[in-house]
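Protein chains: 2
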Amino acid sequence: MPARRPPKRQLGLELAILLRTGDFRAGEWLRQIDLEHRLNANRFEVRTALSELALRGIVEHVPFRGFRVAVTDMKRLKDLLSIRALLEVDAALAAMPHLDEAALAKLEALAAAFEHATVHGSYADWSQTNLDFHDTLYSWTPNRIQAEMIIEARDRARLWPKGLWPSFAALQQSAAGHRRILAALTRRDPTVLAAEIRSHIMESAVNLPSEEAPDGRANGTKN
Amino acid sequence: MPARRPPKRQLGLELAILLRTGDFRAGEWLRQIDLEHRLNANRFEVRTALSELALRGIVEHVPFRGFRVAVTDMKRLKDLLSIRALLEVDAALAAMPHLDEAALAKLEALAAAFEHATVHGSYADWSQTNLDFHDTLYSWTPNRIQAEMIIEARDRARLWPKGLWPSFAALQQSAAGHRRILAALTRRDPTVLAAEIRSHIMESAVNLPSEEAPDGRANGTKN
DNA sequence: TGCTCCAAGATTGGCGCCAATTTCTTTGGC
DNA sequence: GCCAAAGAAATTGGCGCCAATCTTGGAGCA
Numbered sequence: 004m005p006a007r008r009p010p011k012r013q014l015g016l017e018l019a020i021l022l023r024t025g026d027f028r029a030g031e032w033l034r035q036i037d038l039e040h041r042l043n044a045n046r047f048e049v050r051t052a053l054s055e056l057a058l059r060g061i062v063e064h065v066p067f068r069g070f071r072v073a074v075t076d077m078k079r080l081k082d083l084l085s086i087r088a089l090l091e092v093d094a095a096l097a098a099m100p101h102l103d104e105a106a107l108a109k110l111e112a113l114a115a116a117f118e119h120a121t122v123h124g125s126y127a128d129w130s131q132t133n134l135d136f137h138d139t140l141y142s143w144t145p146n147r148i149q150a151e152m153i154i155e156a157r158d159r160a161r162l163w164p165k166g167l168w169p170s171f172a173a174l175q176q177s178a179a180g181h182r183r184i185l186a187a188l189t190r191r192d193p194t195v196l197a198a199e200i201r202s203h204i205m206e207s208a209v210n211l212p213s214e215e216a217p218d219g220r221a222n223g224t225k226n
Numbered sequence: 004m005p006a007r008r009p010p011k012r013q014l015g016l017e018l019a020i021l022l023r024t025g026d027f028r029a030g031e032w033l034r035q036i037d038l039e040h041r042l043n044a045n046r047f048e049v050r051t052a053l054s055e056l057a058l059r060g061i062v063e064h065v066p067f068r069g070f071r072v073a074v075t076d077m078k079r080l081k082d083l084l085s086i087r088a089l090l091e092v093d094a095a096l097a098a099m100p101h102l103d104e105a106a107l108a109k110l111e112a113l114a115a116a117f118e119h120a121t122v123h124g125s126y127a128d129w130s131q132t133n134l135d136f137h138d139t140l141y142s143w144t145p146n147r148i149q150a151e152m153i154i155e156a157r158d159r160a161r162l163w164p165k166g167l168w169p170s171f172a173a174l175q176q177s178a179a180g181h182r183r184i185l186a187a188l189t190r191r192d193p194t195v196l197a198a199e200i201r202s203h204i205m206e207s208a209v210n211l212p213s214e215e216a217p218d219g220r221a222n223g224t225k226n
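Same order as they appear, the protein sequences are chains A and B.
Counting with our numbering, you get residues 4 to 226 for the letters of the first sequence.
Counting with our numbering, you get residues 4 to 226 for the letters of the second sequence.
So, in structure tokens, the structure goes:
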């Protein structure tokens, strides 16, 4: 074969992951030159990736000032959560009839992985295992676009300040939620499933503080 | 004041409008050089705008082949419609409590404008007046993100082939739907409102033909 | 000592050039 | 006359340069 093309780097994706896993604070300014180094990419690629994320609402663009991690104020966050509840309840219900034994077993394993991560893992660990559980569930939803929209909606509000990360107790609560969702799926109980999914999502919003005004100027980083 | 900055052209938006109103067929290849002329922009701007639309699913990108108007196959179309139904029913219900007399009057006027357009107007006319009605309704939804998502979901499936445009009868049906929605809003009847919105959206899918396989190669334009 | 204004430095972003790749055209062979 | 292959033309797309703009630091003045 004559030199297959190199896999074509998905820098937008890489950057999204970096923002999610690296320690960035909401509102923090992103200097292109820093990202060039961290992602080992050139200026143009970085800018393209940033524009992508800006369009998806993950970062915010201010002309001639640059890009910064989107500040998701509480109103916005709650809006996003309510949309997620709507989409995810529907997606879960649609997925349920398509789940066979193997599927349930897989979800079982993922729920266990999350539980393990809540105790032994880092932020990145439990964040990822949690996503795995949900994404796997929705992978059986016939409506692919809906699954994509769920992921996107989630990404748009993932980056809240570290101070607001869930407590250990909240994580345990989440793990229990997974169990209950799994049980409802196994028993093919749509009513309970819907209720569980909804409350599982809405849980994320409890004990979020009242809105803090993000100052456009002060929130910098000297890094 | 020292030369306020020029309003910064939103070429992505302009291009989306061009694709919607100009006569482009689904699957048609878009040559950058043509778009440069039609939009009176340079190569770089066109490419940026195209990437934007690609991300939003309005056009499709094939490396080293270029961009083409997204082919929304029937499966995809139905998926999108079902999502719209979900989001729009919810949005309408949320908007209802916030509608005052003035709001209802405005919707009344927009419904009338649509009816007029179905008889006297062109595709662009009735398409736009229809959007106006819905967008105005959702402008009272407290959840702004949801309103945006609705618009986006709609845009992603707006460009179906001309052959599939609704008949005069279908348009009349739509107009009647608007009337019924308005009636439900006036009577503050959530149950009927939900049902009407849902069927109004799903109506769009009736008499869509079975899926046609879009050939990657053949669907060109010599223009 | 504190404030204002200016200049230097840092950062962003518009844009055009040219290489990479595909498609079209022509030529040559069977 | 038809198919295949090579060359030509057209199109896309990566990328770096430098102008436009914002921020910072400090000098000058009250």
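Every residue, glycine too, gets a C-beta built ideally from N, C-alpha and C.
These figures come from a predicted structure and were not determined experimentally.
- The three-state secondary structure of A:F27, taken from DSSP, is coil.
- Residues of the stretch 65-77 of chain B with a C-beta atom less than 8 Å from some C-beta of chain A are P66, listed in chain order.
- Contact annotation: the stretch 58-72 of chain B touches the stretch 16-32 of chain B, with at least three C-beta pairs closer than 8 Å.
- With a threshold of 8 Å between beta carbons, B:Q35 makes no contact with chain A.
- The CB of A:I86 comes closer than 8 Å to the CB of L90, N146, I148, Q149, M152 in chain B, given here in chain order.
- Contact fails between the stretch 40-47 of chain A and the stretch 102-117 of chain B, because fewer than three Cβ pairs, one in each stretch, are under 8 Å apart.
- Three or more beta-carbon pairs separated by less than 8 Å are not found between the stretch 168-180 of chain A and the stretch 75-82 of chain A, which leaves the two stretches without contact.
- Excluding residues up to 5 positions away in sequence, W143, L188 lie with their Cβ nearer than 7 Å to the Cβ of B:L102 in the same chain.
- For the stretch 50-61 of chain A, the set of positions with a beta-carbon nearer than 8 Å to some beta-carbon of chain B reads T51, S54, E55, L58, R59 in chain order.
- Neighbours of B:L83 in chain A, taken as residues at a C-beta separation under 8 Å, are given in chain order as I148.
- At a cut-off of 8 Å between beta-carbon atoms, A:D93 makes contact with chain B.
- In the structure shown, the three-state DSSP call for B:W168 is coil.
- At least 8 Å separates the beta-carbon of A:T132 from that of A:A106.
- Here A:L14 is near A:L42, since their CB atoms are less than 8 Å apart.
- According to DSSP, residue pairing for B:G124 in a beta bridge does not occur.
- Nearest Cα to A:L22 within the set A:I36, A:R161, A:D93: A:R161.
- Contact note: A:R201 does not reach chain B at a C-beta cutoff of 8 Å; the least C-beta distance is about 13 Å.
- When rounded, the separation of the alpha-carbon atoms in A:L140 and B:G60 is 24 Å.
- For A:V195, the secondary structure class from DSSP, reduced to helix, strand or coil, is helix.
- DSSP places A:H40 in the uninterrupted alpha helix (DSSP H) bounded by 35-42.
- Here B:P169 is buried. Its C-beta has 16 or more other C-beta atoms within 10 Å.
- The Cβ-Cβ distance between A:L84 and A:I204 falls below 8 Å.
- Chain order gives the chain B residues near A:R79 as R147, I148, where near means a beta carbon separation below 9 Å.
- Note that the C-beta distance between A:R87 and A:I153 is below 8 Å.
- Note that the C-beta distance between B:L196 and A:D93 is not below 8 Å.
- Contact between A:R191 and A:M99 holds, since their C-beta atoms are separated by about 6 Å, short of 8 Å.
- By the neighbour-count criterion, in which a residue is buried when 16 or more other Cβ atoms sit within 10 angstroms of its Cβ, B:T194 is exposed.
- Judged by DSSP secondary structure, B:F70 falls within the beta strand (DSSP E) whose first and last residues are 69-72.
- Exposed is the label assigned to B:V65, since fewer than 16 other Cβ atoms lie within 10 Å of its Cβ.
- DSSP places B:W32 in the strand class (E or B) of the three-state scheme.
- The Cβ atoms of A:I148 and B:D82 sit closer than 8 Å to each other.
- No residue range can be given for B:Q13, since it is assigned to no alpha helix (DSSP H) and is classified by DSSP as neither H nor E.
- About 6 Å separates the Cβ atoms of A:L58 and B:E55, confirming a contact at the 8 Å cut-off.
- The residue from A:E63, A:A186, A:E151 with its alpha-carbon nearest to that of A:E104 is A:A186.
- For the options B:A19, B:D26, B:L18, B:R12, the alpha carbon positioned closest to that of B:Y126 is the one of B:D26.
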